[in-house]
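**Student:** Structure in C-alpha cells, see below.
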Amino acid sequence: MSNHKRNALSLALAVALSPVLAFAQSTTSTTATGQTGSAATNLDAVQVTGIRRGIENAIAVKQDATSVVEVISAEDIGKLPDVSIAESLARLPGLAAQRVAGRAQVISVRGLSPDFATTLLNGREVVSTGDNRSVEFDQYPSELVNGVTVYKTPDAALVGQGLSGTIDMQTARPLSFPDRVIAVSGRYQKSSLGEAAGVDEFGNRFSASYIDQFLDKTLGIAIGYAHSDNPIQENQVGLYEPWTTEHTDNGNRPGLAPGVAFSDGIKALRRTGNNKRDGVMATVQFRPSNSWTSTLDAFHTEAEQIDTANQFEVNLSNFNGGYTPGLLISNPQVNADGTFAGGTASGVYPLVRGMYNKREDKIDAFGWNNEFTFGNGVKLVADVNYSKATRDELNLENNLQLTPMPQLDTIGLVVNPNGFSQITPGLDYSNPDALFLTNTIYGSGYGKVPTVEDRLKGARVALTLPAPEGLSSVFADFDIGVNYADRQKDKTQAEGNILLGAQGDANIAADLQRDRVNLGFAGIGYIPAWNVPAAVERYMEFNPVTDLDYLIPKSWTVQEKITTAWLRANINTDIGVVGVRGNIGVQMQHADQSSQSNYFDRSRPDGQNVLPIDAGKTYNDWLPSLNLAFMFPHQQTLRFAAAKQVARPRVDQMRAGLEFGVDTATGRPGGSGGNPLLDPWRATALDLSYEKYFGERAYVAAAVFYKDLKSYVYTQSVDDYDFSDLLASYVPPPGMVAPVLQTGTFSSPQNGKGGTLRGLELTASLPLDMFTDALRGFGVQASATFNDSDIEILDPESASSVGSDPIALPGLSDRVYNFTAYFERNGFEARVSQRRRSDFIGEIGNFNGNRTLRYVVGENVTDAQVSYTFSDSSAMAGLTLLLQGTNLTNEPYRTYAGTTDRPLEYVEWGRTYMLGLNYKF
C-alpha cells in the first residue's frame with residue numbers, strides 16, 4: 004500500500020474516532036454526577052418497536068459477540084424490509100452485492116469474491132443451485148429469515164467458516180417468543196418499464212407466519228410461508244467481446260484504419276418474463292426441562308424463472324453468409340484512445356432472435372439439534388443435518404432473417420459508454436410476416452439443458468466443559484467437538500443444434516406471435532416477439548446430447564468429505580477495570596476430495612472414444628484462532644483477532660472433466676480442464692476494531708483488517724505436464740511419424756501466487772435525538788469501507804473481456820458505502836437507503852454456460868419505504884400500511900472491456916414500486 008493511502012486511512016480513522024472520544028469524555032463527567040444510571044433505567048422502561056427495535060436488537064448481539072460481527076435483526080416476525088435477504092446483507096458494513104437480473108444475488112465480504120465466503124442456515128452449511136458452492140441469496144425470502152449474523156473473524160468452533168466471512172442465516176425459534184404470534188403480509192408491485200411481449204408489469208408477494216407454544220411452554224412450533232411472483236422487464240444493449248485491434252491491424256475490417264479497437268457485433272433486446280418463488284420454513288422446539296432442548300428445522304424453497312429475450316443483432320466481423328458486397332465501415336468515428344465510437348456499416352445481414360430460458364431451482368434443508376445441559380456447567384450438543392439442491396434449466400434460441408436471401412442492410416452505429424448505444428437499421432424489421440426461421444448466419448437455433456444436483460449430509464457432536472479451578476480466573480469453559488460433512492455435486496449439460504423441420508423455412512404463425520417489443524431505446528423501433536418453445540415444437544427438431552467430444556467434459560461429479568475437529572477455550576476475565584472476553588483455540592480440517600468425469604480420445608475406434616477419469620487428494624489444515632474483546636469503561640470495546648483461514652476451491656474448478664489431444668506433427672500432447680488436486684485458498688488474518696456503544700441505542704466503530712493470502716486459485720498453463728495416464732490408451736493414427744511425448748501443456752486451475760488484502764471500515768448507527776430532542780424519531784446508519792490489495796491474477800478463460808494481463812481480485816471494490824436515514828414516530832416510519840460501490844470485476848455466466856469475468860461499473864442503488872402502523876388502542880391495531888420503492892434512480896448495470904469507452908453491456912431494469920400491508924394478530 005502506498006504511503007498516501009496509509010495516511011488517508013489513518014486520517015479517516017482519526018476523524019471517525021475524535022467525536023466519539025469527545026462524547027465518551029462528556030459521558031464520564033455525567034457518570035460522576037450519578038445521572039447516567041437513572042437515565043438508563045428510564046430508557047429500559049420504554050417499549051421499542053419498528054425500525055428502532057430491529058436496530059437495537061442487532062446492536063445488542065454485536066456488542067455481546069466475542070468475534071467481529073455484523074448483524075441483521077428483523078423489526079418483527081416477517082418484517083425484514085427487503086425482497087430477499089441479499090438486499091439486507093448488502094447494507095451491512097464491508098459487504099457488497101452484485102445484481103443479476105435486477106436483483107441483488109451474490110455477496111462479496113471485505114472485497115473478496117463470493118467464492119471466499121460460506122453460508123450457513125441455522126449454523127449449518129447449505130447447498131447451492133449454481134455450479135459453485137457460493138449461495139444465491141435471492142432464493143431465500145426475507146420473510147422467512149429472522150436474523151443474520153456475519154462473522155468477519157472466525158473462531159475454532161465455527162464450522163464451515165469462510166476466508167472472507169461466514170454468513171449465518173437464522174429462522175425463528177418459537178420458545179424464544181413469549182406469546183403466540185400470527186402475522187401476514189402482502190405486496191402488490193409494478194415495474195416502471197411497463198408491459199412488453201404480452202407480459203405485464205405487475206407482480207405480488209405475500210407471506211404468513213404462525214408461532215405458538217404448548218404444554219406449559221415446553222413445546223413450540225413456528226411455521227412460515229412466503230410467495231412472490233415478480234415480473235422480469237429488461238432493456239439491454241450489448242457489444243461482442245473482445246474489443247481488439249487485431250482485425251483492423253490485419254485490414255480485415257474494411258473502412259477502419261489499423262490500430263482502431265473494434266467490437267465485432269452489437270445487439271439490443273427486451274427481456275420479459277416472470278420469476279416465481281415459494282418458500283416454507285417449519286421449526287419444532289421441545290424443552291421439557293432446562294436440561295434438554297430438542298429443535299427440528301425444515302426449510303424448503305423453490306423458484307421458477309421463465310424469460311425470453313427478443314433481440315435485434317448485427318454481426319460486424321465481415322461475416323454475412325458469404326454474400327457480396329461484404330462489410331464496409333464508412334464515416335468512422337474514433338475517439339482519442341483509438342476506440343471505434345460510431346459510423347455506418349454496410350453489407351451486413353441482421354438477425355431477429357428469440358432467446359428463451361426456463362430455470363427451476365429447489366432447495367431442501369433439514370436439521371435436528373439436541374442440547375443437553377448437565378450439572379456443573381457441562382453441556383452436550385448433537386446435531387444432524389441434510390440438504391439438497393437441484394437446478395433444471397432449458398435454454399432455446401430461434402433465429403430469424405429477412406428472406407429471400409440475401410437482404411443485406413446498412414446500419415448506423417453510435418457507441419455510447421454511458422447509455423444505450425444506438426443502432427439504426429435501413430430496412431424494416433417490424434413485420435413478422437417478412438421474417439423467417441431459416442439457416443441464418445448463426446444457424447437456425449441452438450439449445451441447452453443443464454442440470455445440477457448438490458447434496459450435503461452432516462453430523463456434529465460438541466461438548467462444553469467448565470474450566471478447572473486453577474484456570475477459572477481466566478477461562479470460563481472449554482469446547483471440544485467434531486463435525487463430519489459429506490457433499491456431492493453433479494452436473495450434466497446436454498446441448499444440440501435446433502434444426503429446421505421437414506417443412507424447411509417457416510414464417511412463425513400468428514397464434515404463436517406476441518405483442519411486438521419496442522427497441523426504440525436503442526434506435527431500432529419495433530421487432531416481433533413470439534413463443535420460442537412453441538415455435539421449436541412446431542417447426543423445428545431439438546435432440547440434445549451429452550456424448551459429443553466437446554460436451555463430454557461438461558458432465559462431472561465432485562465429492563468432498565470434510566472432518567472438522569476443534570478445541571476452544573472461552574476467555575472471561577478482568578485486567579484491572581477492563582473486562583476481557585473472547586476465545587483461543589485450534590481447528591483441524593481433514594479434506595478428502597475427488598472428482599469423476601470422462602474425456603474423449605479421438606485416437607480410439609468409434610464407440611470406444613469415451614474414457615473415465617477419476618482423481619482426488621486428501622490433506623489436513625490446522626487453523627489456530629484468537630479473539631479478544633477488551634471492555635473499557637463507558638461501553639467502549641476494543642477487539643483484536645488473529646487466525647489462519649482457508650476457503651475451499653470452487654466446485655467447478657475441482658471437476659475432473661478435460662479435453663485432450665496429441666499434435667500429430669510434433670507428438671506433443673495438450674489439454675485443458677479442471678483440477679481435482681487443488682489445495683484451498685489459505686490466509687493469515689489480523690483484525691483490530693474499536694466500538695463505542697451508547698446503551699443499546701447507538702454505536703460508532705472503526706475497524707482495520709489485514710489478510711495475507713498464501714496462494715490464489717486461477718487458470719494457468721502448465722508446461723511439462725505429465726500426460727502418461729491419459730496416453731496409456733492412446734493409439735497413434737495411421738501415418739503419424741513423430742513419437743508421442745509424455746509431457747505437454749495443460750491449462751487448468753492451479754494454486755498460484757497470493758498477496759495481501761487490507762481495509763478500513765467505519766460505521767455509525769445513531770438516533771439523532773442523542774444530540775437534540777428536536778430530532779426525536781430521526782436516525783441514521785452509515786458505513787464506509789476502503790479496500791486495497793496487491794494481489795493480481797490471470798484468467799485466460801476471461802481474456803476476451805478482461806484482457807490477458809494480470810487483473811485485480813474479482814469482487815474487489817476499492818470503496819463501498821452504505822447509508823440509511825430513517826424517521827419513526829407515533830406509528831409513522833420512513834427510511835431511505837443507499838448502497839454504493841466503486842468499479843469491480845464481476846462474475847457472470849456466458850452463452851456457453853461457463854463462468855467469465857467482466858469489469859463492472861460501480862453502482863449507486865437507492866431504495867425507500869414509508870409506512871404507518873395503527874396503535875394498540877385503534878380498532879385497526881396490528882395493521883401496517885406501507886409503500887416501497889426500489890432502484891429509485893433507475894441505476895443501470897454496465898460492464899466494459901478494459902476501459903469504460905469500450906462497453907460490453909448497458910442494462911436497465913427500471914424502478915419497482917410496491918404497495919402493501921402487514922397484519923399481526
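Yeah, the sequence shown ends on 924 if you go by my numbering, and it's all consecutive. Each residue gets a CB set at the ideal place from its N, CA and C atoms; glycine is no exception.
Identify which residue in Gly201, Gly677, Asn419, Thr667 has its Cα closest to the Cα of Ala532.
**Tutor:** What you label residue 532 is simply residue 529 of the sequence shown in a count that begins at 1. The shortest Cα separation from Ala532 among Gly201, Gly677, Asn419, Thr667 belongs to Gly201.
**Student:** In whole angstroms, give me the CA-to-CA distance for Leu886 and Ile555.
**Tutor:** Stepping through the sequence shown from its first residue, residue 886 is reached at position 883. Stepping through the sequence shown from its first residue, residue 555 is reached at position 552. Whole-angstrom Cα-Cα distance: 51 Å.
**Student:** Consult DSSP for Ala160 and reduce its assignment to one of helix, strand or coil.
**Tutor:** Here residue 160 corresponds to residue number 157 of the sequence shown, with the count starting at 1. Coil at Ala160, not helix or strand.
**Student:** Under 8 Å by Cβ, that's how I've got Leu744 and Pro672 pegged, so tell me the actual separation to the nearest angstrom.
**Tutor:** Position 741 of the sequence shown, counted from the start, is the residue given in the question as residue 744. Position 669 of the sequence shown, counted from the start, is the residue given in the question as residue 672. Confirmed, about 7 Å.
**Student:** Tell me, to the nearest whole angstrom, how far the beta carbon of Ser801 is from that of Gly755; I am working on the premise that it is less than 8 Å.
**Tutor:** Locating residue 801 in the sequence shown gives position 798, counting from the first residue. Locating residue 755 in the sequence shown gives position 752, counting from the first residue. With a Cβ gap of about 15 Å, Ser801 and Gly755 do not count as contacting.
**Student:** Which of the three DSSP states is assigned to Ser320 in this structure?
**Tutor:** Along the sequence shown, read from residue 1 onward, the residue named residue 320 stands at position 317. Looking at Ser320 - three-state DSSP - the assignment turns out to be coil, as it is neither helix nor strand.
**Student:** Excluding the 5 residues flanking Thr427 on each side, which residues of the same chain have their C-beta closer than 7 Å to its C-beta?
**Tutor:** For the purposes of this step, residue 427 is taken as residue 424 along the sequence shown, with counting starting at 1. Excluding residues within five positions, the ones whose Cβ falls inside 7 Å are Ile414, Gly415, Gly526.
**Student:** My output table needs one value for Lys557: the three-state DSSP class, helix, strand or coil.
**Tutor:** To locate residue 557, count along the sequence shown from 1; it is residue 554. Here Lys557 sits in helix by DSSP.
**Student:** Terminal residues of the continuous alpha helix (DSSP H) containing Asp728?
**Tutor:** Here residue 728 refers to the residue found at position 725 of the sequence shown. From DSSP, the alpha helix (DSSP H) with Asp728 extends over 727 to 730.
**Student:** Would you mind listing the beta strand (DSSP E) stretches within the region 202 to 257 that are 3+ residues and don't spill past its ends, in chain order?
**Tutor:** Here the runs fully enclosed are 205 to 217, 222 to 242.
**Student:** Let me make sure I understand the geometry here. Which of Asp723, Val520, Gln404, Tyr389 has the alpha-carbon closest to that of Asn238?
**Tutor:** By 1-based counting over the sequence shown, the position of residue 238 is 235. When each option's Cα is compared against that of Asn238, the closest is Val520.
**Student:** At 4 residues or longer, and completely inside the region 445 to 501: list those alpha helix (DSSP H) runs for me, N to C.
**Tutor:** The qualifying runs do not exist here; there are none.
**Student:** For Leu918 and Gly206, I'd like the C-alpha separation in whole angstroms.
**Tutor:** Within the sequence shown, numbered from 1, the residue matching residue 918 stands at position 915. Within the sequence shown, numbered from 1, the residue matching residue 206 stands at position 203. Rounded to whole angstroms, Leu918 to Gly206 spans 11 Å at the Cα level.
**Student:** Reducing DSSP to helix, strand and coil, say where Glu800 ends up.
**Tutor:** Residue numbering aside, residue 800 sits at position 797 when the sequence shown is read from its first letter. Here Glu800 sits in helix by DSSP.
**Student:** For Thr347 and Asn334, which I take to be in contact (beta-carbon distance under 8 Å), what is that distance rounded to the nearest angstrom?
**Tutor:** Residue numbering aside, residue 347 sits at position 344 when the sequence shown is read from its first letter. Residue numbering aside, residue 334 sits at position 331 when the sequence shown is read from its first letter. The Cβ separation is near 5 Å, so the contact holds.
**Student:** Indicate the three-state DSSP secondary structure (helix, strand or coil) for Val148 in the structure shown.
**Tutor:** Mapped onto the sequence shown, residue 148 falls at position 145. Coil.
**Student:** What is the rounded straight-line gap between the Cα of Leu299 and the Cα of Arg290?
**Tutor:** Counting from 1 along the sequence shown, the entry for residue 299 is found at position 296. Counting from 1 along the sequence shown, the entry for residue 290 is found at position 287. Cα-Cα distance, rounded: 12 Å.
**Student:** Mind checking who Thr718 pairs with in its DSSP beta bridge?
**Tutor:** Working through the sequence shown from its first residue, we reach residue 718 at position 715. Note: Thr718 sits in a beta bridge opposite Pro752.
**Student:** Between which two residues does the alpha helix (DSSP H) carrying Tyr542 extend?
**Tutor:** Numbered from 1 along the sequence shown, position 539 holds the residue referred to as residue 542. Counting along the chain, the alpha helix (DSSP H) containing Tyr542 begins and ends at 535 to 542.
**Student:** Please identify the residue among Gly254, Asn253, Glu244 whose C-alpha is closest to the C-alpha of Gly268.
**Tutor:** For the purposes of this step, residue 268 is identified with residue 265 of the sequence shown, where counting begins at 1. The shortest Cα separation from Gly268 among Gly254, Asn253, Glu244 belongs to Glu244.
**Student:** Looking at C-beta atoms only, is the number of pairs between the region 573 to 581 and the region 173 to 187 that lie closer than 8 Å three or more?
**Tutor:** No, they do not touch.
**Student:** With contact counted as at least three CB pairs below 8 Å, one residue from each stretch, are the region 534 to 550 and the region 440 to 452 in contact?
**Tutor:** The region 534 to 550 is in contact with the region 440 to 452.
**Student:** Let me know the secondary structure DSSP gives Gln1013 once reduced to three states.
**Tutor:** With the chain covering 4 to 924 only, the question about residue 1013 has no answer from this structure.
**Student:** Check whether the region 382 to 389 touches the region 312 to 319, taking contact to mean three or more Cβ pairs, one atom from each stretch, closer than 8 Å.
**Tutor:** At 8 Å Cβ cutoff, the stretches do not touch.
**Student:** Where are the beta strand (DSSP E) runs, 3 residues long or more, that stay fully inside the region 776 to 842, in chain order?
**Tutor:** Qualifying beta strand (DSSP E) stretches, in chain order: 781 to 792, 818 to 828, 831 to 840.
**Student:** Roughly how many angstroms separate the alpha carbons of Gly507 and Asn434, rounded to a whole number?
**Tutor:** On the sequence shown, position 504 is the one that residue 507 refers to. On the sequence shown, position 431 is the one that residue 434 refers to. Distance between the alpha carbons of Gly507 and Asn434: 20 Å.
**Student:** Where do the N-terminal and C-terminal ends of the beta strand (DSSP E) with Arg607 fall, by residue?
**Tutor:** Locating residue 607 in the sequence shown gives position 604, where the first residue counts as 1. Note, Arg607: premise wrong, no beta strand (DSSP E); not H, not E.
**Student:** Nearest by alpha-carbon distance to Tyr359: which of Pro328, Glu90, Arg274, Tyr709 is it?
**Tutor:** Taking the sequence shown and counting its residues from 1, one reaches residue 359 at position 356. Out of Pro328, Glu90, Arg274, Tyr709, Arg274 has the C-alpha closest to the C-alpha of Tyr359.
**Student:** For the region 780 to 788 against the region 717 to 734, are there 3 or more C-beta pairs whose distance is under 8 Å?
**Tutor:** Not touching, per the Cβ criterion.
**Student:** To the nearest angstrom, report how far apart Leu515 and Ser195 are at their CA atoms.
**Tutor:** Your numbering for residue 515 matches position 512 in the sequence shown. Your numbering for residue 195 matches position 192 in the sequence shown. Rounded to whole angstroms, Leu515 to Ser195 spans 27 Å at the Cα level.
**Student:** Thinking C-beta only, is Ser600 closer than 8 Å to Gly664?
**Tutor:** By 1-based counting over the sequence shown, the position of residue 664 is 661. By 1-based counting over the sequence shown, the position of residue 600 is 597. Not a contact, by the Cβ cut-off of 8 Å.
**Student:** Enumerate in chain order the residues of its own chain whose CB-to-CB distance from Gln491 is below 6 Å, with the five nearest sequence positions on each side excluded.
**Tutor:** The sequence position of residue 491 within the sequence shown is 488, counting from 1. Cβ within range, chain order: Arg458, Gln562.
**Student:** So, at 7 Å on beta carbons, what are the nonlocal neighbours of Glu198 in its own chain, with the 5 sequence-adjacent residues on each side left out?
**Tutor:** Residue numbering aside, residue 198 sits at position 195 when the sequence shown is read from its first letter. Here the set comprises Glu204.
**Student:** Between the alpha carbons of Tyr733 and Asp550, how many angstroms are there, rounded?
**Tutor:** Position 730 of the sequence shown, counted from the first residue, corresponds to residue 733. Position 547 of the sequence shown, counted from the first residue, corresponds to residue 550. Cα to Cα, the separation comes out at about 19 Å.
**Student:** Helix or strand or just coil, what does DSSP make of Ile54?
**Tutor:** The sequence position of residue 54 within the sequence shown is 51, counting from 1. Helix.
**Student:** Taking contact to mean at least 3 C-beta pairs separated by less than 8 Å, is the region 246 to 260 in contact with the region 806 to 824?
**Tutor:** At 8 Å Cβ cutoff, the stretches do not touch.
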